[in-house]
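Residue numbers (the numbering used here): -2 to 450.
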């Protein structure tokens, strides 16, 4: 049976590498379309869509309390939900800008222009002029505190690595694995009380239960290449994105929008698709740029640490780091804000679009140690993503406010939905019904166009 990517056996085997965990997995449509992969976290998606209407947390909480008390009554939808499947089908004639923007043979990502069919009309915008990097990095000259933290973290007592593979043991749920213990402790420490914690596992879905403080409360730790397992285990939520298992394509189909990214294959909810890479920078450093450059960088950066993070500092004190390393970490998590900045150095993650009803969340995963230099941002699907659907995440309330009059995300919940206002004030109960119907339509189309061929 063909694997889910339609690749020949040799190409797919090279992506799997010599990772037994991946080799033993059932990489067929049955794995993805059966069991839990087919389920949609409707309640979470509906609440996230509902809360996105409010820019202030206090107002959002009040609105949600009122929504919970409201009597549940189904509302008949007048709109044709087929209009909101949001799956892009490219034209027959396309301009190939480059066969592979990554220059990585295992991660070949083509870039297309679908705005025009005429080569003489092709204009390549400056936003494509960046250096492609597979992992985030620190500028040694401009971030001395991070460089110092990296050096200090190499001391054995400041490392978090494991030797499980030496004893032929798996890492996940191994109570003696330092990496899994840190993974579990971080999830328990940062998650909202009484909420279901996300499982940062290599293959199992990372599902989010609470729509509040998503990026902060869903935080994990993974095994790395410094471990005996080399990160090729079940306690590494970066395993799939770092093997580049999902084929991706960058394209531009609207002159008023930037480049987008999509996949030609089905990807189930809870899957880490790609990492968001770039330079790890102190926000104060960016503020020193001139206004034009600052605004450009600001449009791409994503937060990876939080200023005056008392919760993180409390967690650091529970570990057995050396006193000087702990002191430095406490400083870094007290008066600094670090971001991943892909403006000049980045990867395909920077192509993910904004959406008022997105299919990705960006979560934090640490490896090797716990300084800001050890964090990765992974982009995880929060719903089943069908072939051709552009990847997207919510850029945040400030960006959404700017976009409200001309957003082109094309989702039913778009703040600039020019077709109808009927979804604008819909309660969370009916939002979940709409989302469920849209997913059923997508699944039916997938069965007809892909599975039955």
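Glycine included, every Cβ here is placed at the ideal spot set by N, Cα and C.
Q) Terminal residues of the continuous beta strand (DSSP E) containing residue 248? A) In the chain shown, counting from the first residue as 1, residue 248 sits at position 251. From DSSP, the beta strand (DSSP E) with residue 248 extends over 246 to 249.
Q) Is it right to say residue 259 is buried, meaning 16 or more other beta carbons lie within 10 angstroms of its own, or is it exposed? A) Residue mapping note: residue 259 aligns to position 262 of the chain shown, counting from 1. It counts as buried.
Q: Enumerate in chain order the residues of its own chain whose CB-to-CB distance from residue 355 is below 6 Å, with the five nearest sequence positions on each side excluded.
A: Along the chain shown, read from residue 1 onward, the residue named residue 355 stands at position 358. Cβ neighbours of residue 355 beyond the five flanking positions: 389, 390, 391.
**Q.** Where the beta strand (DSSP E) through residue 126 begins and ends
**A.** As a working mapping, residue 126 is identified with position 129 in the chain shown. No beta strand (DSSP E) holds residue 126; DSSP gives it neither H nor E.
Q.
Using 8 Å for Cβ pairs, my map puts residue 199 next to residue 18. What's the rounded Cβ distance?
A. Here residue 199 refers to the residue found at position 202 when the chain shown is read from its first residue. Here residue 18 refers to the residue found at position 21 when the chain shown is read from its first residue. That belief holds up - the Cβ atoms of residue 199 and residue 18 are roughly 6 Å apart, short of 8 Å.
Q: Give the straight-line distance between the Cα atoms of residue 446 and residue 96, rounded to the nearest whole angstrom.
A: The residue given as residue 446 occupies position 449 in the chain shown. The residue given as residue 96 occupies position 99 in the chain shown. Going from the Cα of residue 446 to the Cα of residue 96 covers about 26 Å.
Q.
Please classify residue 378 as buried or exposed, where buried requires at least 16 other C-beta atoms within 10 Å of its C-beta.
A. The sequence position of residue 378 within the chain shown is 381, counting from 1. Residue 378 is buried by the Cβ-count criterion.
Q | Whole-angstrom distance between residue 313 and residue 8, CA atom to CA atom | A | Translated into positions along the chain shown, residue 8 becomes position 11. Translated into positions along the chain shown, residue 313 becomes position 316. One C-alpha to the other measures close to 43 Å.
Q.
In the DSSP assignment, the alpha helix (DSSP H) including residue 64 goes from what residue to what residue?
A. In the chain shown, residue 64 corresponds to position 67, counting from 1. DSSP places residue 64 inside the alpha helix (DSSP H), whose first and last residues are 54 to 66.
**Q.** Reduced DSSP secondary structure (H/G/I, E/B, other) of residue 69
**A.** Residue mapping note: residue 69 aligns to position 72 of the chain shown, counting from 1. Residue state, collapsed to three classes: coil.
Q | Spatial distance of residue 341 from residue 151 (CA atoms) | A | Counting from one through the chain shown, the residue named residue 341 turns up at place 344. Counting from one through the chain shown, the residue named residue 151 turns up at place 154. Distance between the alpha carbons of residue 341 and residue 151: 28 Å.
Q | C-alpha gap between residue 32 and residue 195, whole angstroms | A | Walking along the chain shown from the start, residue 32 turns up at place 35. Walking along the chain shown from the start, residue 195 turns up at place 198. With a pLDDT of only 45 at residue 32, under 50, the local geometry of the prediction cannot be trusted, and the value read off the model is given with reservation. Their Cα atoms are separated by approximately 18 Å.
**Q.** Own chain, CB closer than 8 Å to residue 132, minus 5 neighbours either side, in chain order
**A.** For the purposes of this step, residue 132 is taken as residue 135 along the chain shown, with counting starting at 1. Short of 8 Å from the beta carbon of residue 132, and not among the five residues preceding or following it, lie these beta carbons of its own chain, in chain order: 272, 274, 373.
**Q.** Span of the beta strand (DSSP E) around residue 264
**A.** Along the chain shown, read from residue 1 onward, the residue named residue 264 stands at position 267. From DSSP, residue 264 is part of no beta strand (DSSP E); its letter is neither H nor E.
Q. From the DSSP output, which residues share a beta bridge with residue 374?
A. Here residue 374 corresponds to residue number 377 of the chain shown, with the count starting at 1. DSSP output for residue 374 lists 273, 361 as bridge partner(s).
Q) Does DSSP classify residue 146 as helix, strand or coil? A) Taking the first residue of the chain shown as position 1, residue 146 is located at position 149. In the structure shown, residue 146 sits in a helix (DSSP, three-state: H, G or I).
Q) Ordered along the chain, which non-local residues of its own chain (more than five positions away) have a Cβ less than 8 Å from that of residue 435? A) One-based indexing of the chain shown puts residue 435 at position 438. Correct list, in chain order: 78, 81, 82, 409.
Q | Every unbroken alpha helix (DSSP H) within the stretch 282 to 312, with a cutoff of 4 residues, ordered by chain | A | 288 to 295
Q. Going by beta carbon distance, what residues of the same chain come within less than 6 Å of residue 177, once the five residues before and after it are set aside?
A. As a first step, residue 177 is located in the chain shown; it is residue number 180 there, counting from the start. So the qualifying residues of the chain are 168, 169, 171, 232.
Q) According to DSSP, is residue 279 helix, strand or coil? A) Locating residue 279 in the chain shown gives position 282, counting from the first residue. Reduced to three states, the DSSP call for residue 279 is strand.
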